[in-house]
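With the working numbering applied, the sequence shown corresponds to residues 11 to 122, in that order.
In this text, a Cβ means the ideal position worked out from N, Cα and C, and glycines have one as well.
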Amino acid sequence: MTPMSIFLTTIAILVILYVLISIRRNKLSPANSFIWIVFCIILLVLSIWPASLDWLANLLGISYPPTLFLAIALVILFIMNFIQSKKIEDLQKKIIDLGQELSIKKDDNNKK
Numbered sequence: 011m012t013p014m015s016i017f018l019t020t021i022a023i024l025v026i027l028y029v030l031i032s033i034r035r036n037k038l039s040p041a042n043s044f045i046w047i048v049f050c051i052i053l054l055v056l057s058i059w060p061a062s063l064d065w066l067a068n069l070l071g072i073s074y075p076p077t078l079f080l081a082i083a084l085v086i087l088f089i090m091n092f093i094q095s096k097k098i099e100d101l102q103k104k105i106i107d108l109g110q111e112l113s114i115k116k117d118d119n120n121k122k
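In C-alpha cells form, the structure reads like this:
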C-alpha cells in the first residue's frame, strides 16, 4: 500500500469509529449517520483497492480517475446538504407552530 492509501484508510476508519461512538452516546442519530458511514465505506474501498477507481472511471468514460473521486464526493456532499436543508425547514415550521400555539395559550390565560 502507498502512503496515501494508508492515510485514506486510516481517515476512513477513524471517521467510522467517531460516527459509531457518536451514535452510541446519542449525539448523532443512526438516520443522520447513514450517509457518513456510506461515504467512509466508499473511501475505504477506494483506498484499499485504488485500481477500482481506475476501473470505474474507465467504465464511465472518465479519462482522469481522480475526477471521478471528486465527483463522488461532491454528489455525497450535495445529498447531505439537501437532507440537512430539509430537516432545517421542518424544524423551522415546528418552531413557528409552537410559537403560535404558545401565544394562543398565553392569550387564553390572560383572558381568565
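In terms of residue numbering, what span does the alpha helix (DSSP H) encompassing I89 cover?
Start at 1 with the first residue of the sequence shown, and residue 89 comes out as number 79. Looking at the DSSP string, the run of the alpha helix (DSSP H) that includes I89 is P75 to K121.
Under 8 Å: do the region 13-28 and the region 45-65 share three or more Cβ pairs, one atom per stretch?
Touching, yes.
Does P76 pass the burial test, meaning 16 or more other C-beta atoms within 10 Å, or should it be called exposed?
Numbered from its first residue, the sequence shown carries residue 76 at position 66. Its Cβ having fewer than 16 others within 10 Å, P76 is exposed.
Determine, using beta carbons only, whether I47 and I23 come nearer to each other than 8 Å.
For the purposes of this step, residue 47 is taken as residue 37 along the sequence shown, with counting starting at 1. For the purposes of this step, residue 23 is taken as residue 13 along the sequence shown, with counting starting at 1. Not in contact: I47 and I23 (Cβ atoms no closer than 8 Å).
Rank I72, M11 and I89 by C-alpha distance to the C-alpha of F44 and give the top, closest one.
For the purposes of this step, residue 44 is identified with residue 34 of the sequence shown, where counting begins at 1. Out of I72, M11 and I89, I89 has the C-alpha closest to the C-alpha of F44.
Using the C-alpha atoms, what's the distance from L101 back to D64?
Residue mapping note: residue 64 aligns to position 54 of the sequence shown, counting from 1. Residue mapping note: residue 101 aligns to position 91 of the sequence shown, counting from 1. A direct Cα-Cα distance of roughly 42 Å separates D64 from L101.
Does I72 come out as helix, strand or coil in the three-state DSSP assignment?
Taking the sequence shown and counting its residues from 1, the one referred to as residue 72 is at position 62. Annotated three-state conformation of I72 is coil, per DSSP.
For L78, collect the residues of the same chain with a Cβ closer than 8 Å to its Cβ; drop the 5 residues on either side in sequence, then sort them by chain order.
Your numbering for residue 78 matches position 68 in the sequence shown. Non-local beta-carbon contacts of L78 in its own chain, meaning distances under 8 Å to residues more than five positions away in sequence, involve L63, L66, A67, L70 and I72 in chain order.
Could you give the distance in angstroms between the alpha-carbon of I58 and the alpha-carbon of S15?
To locate residue 58, count along the sequence shown from 1; it is residue 48. To locate residue 15, count along the sequence shown from 1; it is residue 5. Straight-line measurement puts the Cα of S15 at about 6 Å from the Cα of I58.
How would you write the range of the alpha helix (DSSP H) that R35 sits in, first residue to last?
Locating residue 35 in the sequence shown gives position 25, counting from the first residue. Run containing R35: none; DSSP gives neither H nor E here.
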